[in-house]
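With the working numbering as the guide, the letters of the sequence shown map in order to residues 1142 to 1392.
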Amino acid sequence: SFWFFRGLKSKGYGFSKAIGLLTYAYLVWLLGQVFTVNFYLLAISFGVVFSLSFFLFLENKADLVTFFRENRKLIFLSESIFLSVIFAGILFRSLDPSLTKGEMPWDMMVYGASYYAKKFPPEDLWLSGYKLNYYYFGIYAFSLISRLISVIPLYTLNFVIPTVFALSASGLHSLFVGILDKIGKGLKYKNGISIFGVSIILFGGNFHSIFAVLRYLNLVSLDLLEKLRVGERILEYPLYENYFWNTSVFF
C-alpha cells in the first residue's frame, strides 16, 4: 500500500491489511492448483509473503520510519476505526448468529469447501463432481485464516462480514484523508470529514440501514415504511421484524 498509494499522504495505510490478506490468499490459490493444500503449504506461503514484506521494508526503511513518526495520529485513528467497526459488527451479528437463513447456507458451503480443500479450485459441495468457479475468492481468503489458526468454519464465519466491513471503513478513511490533503489545503477537520464520508458510503448508500435504525428507535412506523415501498419487494415488513434481515442488510 505504501508504494501503490505513494502519491497520498496517508500512503493507503488503511488498505494494508486487505492487501496483505489478498496477496497471501492469491499465492496459496496459485500453489494449490499444483500442490496439495496442507499446513506446510500455508506456512511456506506465509513465509514467502512475510519475507517479501520484510524485503520491501528494508528497501524503504527510511521512508517508512519517517511516515510512522510523522503520522502517528493518522495511524492511531485508522486502527481505532477498524477496531470500533469490527466490534460493532460482531455485536450486530450477535443479535442472530445463526447460519441457516438467507444466503448463509451458501456462504457456509463455500467457506467449508475452501477450508477443507486439498486442491484449488475447491469442490462444489452442492454439485458433486464439479469445482467452484464463481465469486468465491473473498470467502476463500478468510477461510485461510481459519485454517492457519485451526478453528472450524462454524465458529469463524460470523466474523467475516464484520471484518470486511472494518477493512472497508479503515481503507476508505485512509483514502479520504489522502485526497483531502491534496485538494483541501488549509481545510479544517479533515479526519471528521473523512469519517463522515466513510459513514455515507457504508451506511447512507443503503437506505434500508437508515430505516432499520429508525425502526429500532421507534421513530417510524411500519405503516410509513409500507407507504415508502417502491415496486414489489422493497421495504417489506419482514425486513424490519426479523433480526437476521436487519443485521444483514444493515451491513
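Backbone N, C-alpha and C define an ideal beta-carbon position, used for all residues, glycine too. Quick caveat: nothing in here was measured; it's all calculated off a predicted structure.
Quiz item: Quick check: the region 1225–1233 against the region 1303–1311, are there 3 or more CB pairs under 8 Å?
Solution: yes
Quiz prompt | Run of the alpha helix (DSSP H) containing glutamate 1211, from where it starts to where it stops | solution = For the purposes of this step, residue 1211 is identified with residue 70 of the sequence shown, where counting begins at 1. Counting along the chain, the alpha helix (DSSP H) containing glutamate 1211 begins and ends at 1202–1211.
Exercise. Assuming glycine 1319 contacts serine 1151 (C-beta within less than 8 Å), just tell me the rounded distance between them.
Key: Residue 1319 sits at position 178 when you count from the first residue of the sequence shown. Residue 1151 sits at position 10 when you count from the first residue of the sequence shown. Glycine 1319 to serine 1151, Cβ: 4 Å. Contact.
Quiz item: Going by beta carbon distance, what residues of the same chain come within less than 6 Å of leucine 1162, once the five residues before and after it are set aside?
Solution: Within the sequence shown, numbered from 1, the residue matching residue 1162 stands at position 21. Answer for leucine 1162: Ala1282, listed in chain order.
Exercise. Identify, in the order they occur along the chain, each residue of the same chain with its Cβ nearer than 8 Å to the Cβ of tryptophan 1170, setting aside the five sequence neighbours on each side.
Key: What you label residue 1170 is simply residue 29 of the sequence shown in a count that begins at 1. The answer, listed in chain order, is Phe1261, Phe1278 and Tyr1281.
Quiz item: Looking at the structure shown, is glutamate 1108 part of a helix, part of a strand, or coil, going by DSSP?
Solution: Summary: the structure shown does not reach residue 1108, with the chain confined to residues 1142 through 1392, and so no result is reported for it.
Quiz item: If you follow the alpha helix (DSSP H) that lysine 1259 is part of, which residue opens it and which one closes it?
Solution: Within the sequence shown, residue 1259 is the residue found at index 118, counting from 1. Looking at the DSSP string, lysine 1259 is not in any alpha helix (DSSP H), and its letter there is neither H nor E.
Exercise. Answer with buried or exposed for serine 1315, where buried requires no fewer than 16 other C-beta atoms within 10 angstroms of its C-beta.
Key: Along the sequence shown, read from residue 1 onward, the residue named residue 1315 stands at position 174. The residue is buried, with at least 16 neighbouring Cβ atoms inside 10 Å.
Quiz item: According to DSSP, is lysine 1331 helix, strand or coil?
Solution: By one-based count along the sequence shown, residue 1331 stands at place 190. The answer is helix: DSSP assigns lysine 1331 an H, G or I state.
Quiz item: If we ignore side chains and look at the alpha-carbon of each, how far apart do leucine 1298 and phenylalanine 1176 end up?
Solution: Working through the sequence shown from its first residue, we reach residue 1298 at position 157. Working through the sequence shown from its first residue, we reach residue 1176 at position 35. Looking at the two C-alpha atoms, the distance is approximately 26 Å.
Self-check item: Length of the line joining the Cα atoms of serine 1340 and methionine 1245
Solution: Translated into the one-based positions of the sequence shown, residue 1340 becomes position 199. Translated into the one-based positions of the sequence shown, residue 1245 becomes position 104. The alpha-carbon atoms of serine 1340 and methionine 1245 are separated by roughly 25 Å.
Quiz item: Quick one: what does DSSP say lysine 1152 is sitting in, helix, strand or coil?
Solution: On the sequence shown, residue 1152 is found 11 positions in, with the first residue counted as 1. Lysine 1152: coil per DSSP, three-state reduction.
Quiz item: Grouping DSSP H, G and I as helix and E and B as strand, with all else coil, what is lysine 1272?
Solution: For the purposes of this step, residue 1272 is taken as the residue at position 131 of the sequence shown. It is a strand residue.
Self-check item: Identity of the residue in Phe1344, Leu1321, Lys1326 and Ile1231 nearest isoleucine 1334 by Cα
Solution: As a first step, residue 1334 must be located in the sequence shown, where it is residue number 193. Checking every option, the nearest Cα to that of isoleucine 1334 belongs to Leu1321.
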